[in-house]
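This report concerns only the one structure given below.
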Ligand SMILES: [Fe+2]
Ligand SMILES: [Fe+2]
Ligand SMILES: [Fe+2]
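Numbering (full-length UniProt numbering), first residue to last: 1 to 439.
Put into structure tokens, the structure is as follows:
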């Protein structure tokens, strides 16, 4: 890995970030291999076939790529998600009311980022049936066309049986959709599906291993770039989703980001670098999406096997972020957060650690040991500094970074706490769930 130096201009495409995160959430469930990429592909094809404009095709793509983000991120929804992928293919049964909750939570997670606002509204209603669910309106709210596109795309994505050739299943899938048209599927969207599903290439693209490349070539045209603020806001949302998986580490990424930014500022990094280190802090544990929650939240001692799995996560952080052109520096800083100066960290063991990684390593340990967790209180100043001093003495972490933390401990501690409590309250899904109209 190269310890890249950030250039002044940030050029990261929104589209690359969305696909990157979509792939990351597809790691989360053994049954959802490529589910989000498949839905993104079908939804974009349907939007195009319906003659919608570039903006709406992008909206369908973003919504498809992220639509089940709340379901896959929360253990609470895991069984339910199993149902959605297996039992409710295209069935005669009504979709149960509780299945709408993950659409609502996904909406809450994504809506505050302006480029996601419309996609978030579509995600909110992505399991609303057409007429039997009185599909133009649900709970007194207008259901966007993109929700109905998503609804059909979601069902199409789960129908092919991967053990059989997709082309031998096409007639059956088309028939199933025709049967559900009017009841579950909006007729105009089903007609668009009829048009695209005649083509063998549609099915071969849908089941291709190169789907991402196909999506990029066909629908990645708008090339919306994120400026530094946009990238920062998006990283905060992704950080929230990463933290949302585990009640034990809720808001951890936000604390690491805030602490890293404060340390970077005091160590003389430029304003751009400080923002970028905030991005890296929010994304540093994105590779944990590949670690099952049973291991992440296991109360007792981990087995050696489980330890290997946990220790893979910075490797996956690197793999996930390396697909985004322009994010090289952030990736380096984020993926090296478990490395040690003495080379005994993991998993890359580079000879040299850039300052950004050394800062995030200290911020990560500091946040982990000072934050309160459901099973223990965080350490106070003396205990925390004793742990950090010990790690400096062992040659694990940077003594200069720890000296800065010691110098301004109370202020940095306060900023870390404030950031985590703000983050926790705006992602309080229990309170949000209570606002869901009961159906
Ligand atoms: Fe869903
Ligand atoms: Fe889905
Ligand atoms: Fe980590």
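All residues carry an ideal CB built from backbone N, CA and C; glycine is no exception.
Go through its chain and collect everything with a Cβ distance to residue 56's Cβ below 6 Å, but skip five positions before and after it. Excluding sequence neighbours, residue 56 sits near 47.
Once you ignore the five residues that flank residue 267 on each side, which residues in its own chain have a CB closer than 8 Å to its CB? Only 355, 359, 400, 401 and 404 meet the Cβ criterion.
Hey, would you say the C-beta of residue 347 is under 7 Å away from at least one heavy atom of ligand 3? No - ligand 3 has no heavy atom lying nearer than 7 Å to the Cβ of residue 347.
To the nearest angstrom, how far is it from the Cα of residue 20 to the Cα of residue 327? Spanning the two alpha carbons is a distance of roughly 11 Å.
What I want to know is whether the C-beta of residue 134 ends up closer than 7 Å to one or more non-hydrogen atoms of ligand 3. Checking the Cβ of residue 134 against ligand 3 gives no.
Residue 369 and residue 392 closer than 8 Å at C-beta: It is not a contact, given that the beta carbons lie outside the stated cut-off.
Run the CB neighbour count on residue 13, radius 10 Å, all protein chains shown included, and call it buried at 16 or more, exposed below. Taking all protein chains shown into account, residue 13 has 16 or more neighbouring C-beta atoms within 10 Å of its C-beta and is therefore buried.
Could you give the distance in angstroms between the alpha-carbon of residue 123 and the alpha-carbon of residue 365? Distance between the alpha carbons of residue 123 and residue 365: 36 Å.
Whole-angstrom distance between residue 107 and residue 406, CA atom to CA atom: Taking the CA atoms as reference points, residue 406 sits about 40 Å from residue 107.
How about residue 154: is its Cβ closer than 7 Å to a heavy atom in ligand 2? Checking every heavy atom of ligand 2 against the Cβ of residue 154, one is found closer than 7 Å.
Exposed or buried, what is residue 92 when buried is set at 16 or more other beta-carbons lying within 10 Å of its beta-carbon? Only weak support exists for where residue 92 lies, its pLDDT of 39 falling under 50; the value from the coordinates is given anyway. Classification for residue 92: exposed.
Under the DSSP definition of a beta bridge, which residues are partnered with residue 376? According to DSSP, residue 376 bridges with 373.
Residue range of the alpha helix (DSSP H) that residue 446 falls in? The chain is shown from 1 up to 439; residue 446 falls before or after that span and cannot be answered.
Which residues are close to ligand 3, meaning CB closer than 7 Å to any heavy atom, in chain order? Ordered along the chain, the selected set is 284, 285, 288, 313, 314, 337, 338 and 364.
Check whether the segment 232 to 239 touches the segment 187 to 194, taking contact to mean three or more Cβ pairs, one atom from each stretch, closer than 8 Å. With a cut-off of 8 Å, the segment 187 to 194 and the segment 232 to 239 do not count as touching, because too few Cβ pairs lie within range.
Relative to the C-alpha of residue 298, which candidate in 249, 321 and 277 has its C-alpha closest? Answer by Cα proximity: 249.
For residue 345, which residues of its own chain have a beta-carbon under 7 Å away from its beta-carbon, when the five flanking residues on both sides are left out? The beta carbon of residue 345 is closer than 7 Å to those of 338 and 339 in its chain, skipping five residues each way along the sequence.
Neighbourhood of residue 149 by C-beta, 7 Å cutoff - its chain only, sequence neighbours within 5 removed: Excluding residues within five positions, the ones whose Cβ falls inside 7 Å are 43, 46, 47, 60 and 189.
Hey, would you say residue 371 sits closer than 8 Å to residue 420, going by beta carbons? With respect to the 8 Å criterion, residue 371 and residue 420 are classified as neighbours on the basis of their beta carbons.
Closer than 8 Å is the cut-off here; do at least three beta carbon pairs connect the segment 166 to 176 with the segment 113 to 130? With the cut-off at 8 Å, the segment 166 to 176 and the segment 113 to 130 do not touch.
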